[in-house]
Structure formats: structure tokens, C-alpha cells
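Colleague: Using the numbering used here, read the sequence shown as starting at 66 and increasing by one per residue.
Dropping a structure here in C-alpha cells format, bear with me for questions.
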Amino acid sequence: MPVKTMSARFDDELYEEILEYAREKGIAKTRALRELTKEGVKKWRLTKALTLYRGGKVTVWKASRIAGVPLSRMVEIAASEKIPIHYTKEDLESDFESAFGETV
66 MPVKTMSARF
76 DDELYEEILE
86 YAREKGIAKT
96 RALRELTKEG
106 VKKWRLTKAL
116 TLYRGGKVTV
126 WKASRIAGVP
136 LSRMVEIAAS
146 EKIPIHYTKE
156 DLESDFESAF
166 GETV
């Protein structure tokens with residue numbers, strides 16, 4: 066996979082937190098920044114998926130795809146967030162078509 070570079074500016078407090086993470090892990094600050102960024106993106110994707118699902122804009126299956134987690138895990142997360150599982154026959158048909166390219 067090709068590697069892209071990016072530069073960023075941090076305030077002193079955030080910069081020191083990144084350095085602290087790197088020291089605790091015994092890794093270079095660039096690796097620390099990559100790890101922290103990856104975790105932040107995962108959290109953002111999950112939050113986005115839950116927001117869309119809570120708002121009825123996507124099915125739980127689609128939310129699991131957005132979040133990058135298995136469907137069973139997404140159901141667990143939604144339940145822990147007190148989001149009711151709303152899944153209709155139409156949702157099932159749509160998910161089946163998306164997954165397999167066929168209609169039920």
C-alpha cells in the first residue's frame with residue numbers, strides 16, 4: 066500500500082500528550098501519531114454509524130459496514146447505547162440486495 070505523508074500543527078498541550086503516549090509505548094512520535102490517528106478515525110466511524118442508525122438513515126447492517134465492525138458487534142454496541150433495534154422486512158431485502166446483488 067502506498068504511503069502518503071501529511072504535516073500538521075499541534076498546540077503545546079496536544080503535542081506533549083502525543084509525546085507522552087510515544088514515551089509510554091516506547092515508540093517514535095511519528096508511529097504514536099499514526100496509532101492515535103487510526104484510533105481516532107475508528108471512533109469517528111463508529112460515532113458516524115451510530116448517529117446515522119439512530120436517525121433511521123441506515124440499517125444496522127449498513128451501520129456495521131460504516132463502522133467497520135461485524136454485524137453482531139454493531140447490534141451489541143447499539144444495545145449498549147440504548148438504541149432500539151429497528152429492522153424491517155424492507156431493510157432485510159435492501160441489505161440482502163446490497164450484500165448479494167439479488168432480490169429476495
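Every residue gets a Cβ at the ideal spot worked out from N, C-alpha and C, and that includes glycine.
Throw me the rounded Cβ distance for the L115 and I150 pair, which I believe falls under 8 angstroms.
Modeller: Sequence index remark: in the sequence shown, residue 115 carries index 50 (1-based). Sequence index remark: in the sequence shown, residue 150 carries index 85 (1-based). Going by Cβ atoms, the distance from L115 to I150 rounds to 13 angstroms, so no, they are not a contact pair.
Colleague: Could you have a look at F75 and say whether DSSP puts it in helix, strand or coil?
Modeller: Here residue 75 refers to the residue found at position 10 of the sequence shown. Coil, per DSSP.
Colleague: Run through DSSP, which three-state label would I92 get?
Modeller: What you label residue 92 is simply residue 27 of the sequence shown in a count that begins at 1. The answer is coil: DSSP assigns I92 none of H, G, I, E or B.
Colleague: Nearest-angstrom Cα distance between S129 and A97?
Modeller: Walking along the sequence shown from the start, residue 129 turns up at place 64. Walking along the sequence shown from the start, residue 97 turns up at place 32. One C-alpha to the other measures close to 27 angstroms.
Colleague: Since I believe I142 is in contact with K113 (beta carbons under 8 angstroms), could you give me their beta-carbon distance rounded to a whole number of angstroms?
Modeller: Locating residue 113 in the sequence shown gives position 48, where the first residue counts as 1. Locating residue 142 in the sequence shown gives position 77, where the first residue counts as 1. With 8 angstroms as the limit, K113 and I142 do not qualify as a contact, their Cβ atoms being about 13 angstroms apart.
Colleague: Compare the C-alpha of V123 against each of D76, E82, E85 and D160 and name the closest.
Modeller: Along the sequence shown, read from residue 1 onward, the residue named residue 123 stands at position 58. Here the closest residue by C-alpha is D160.
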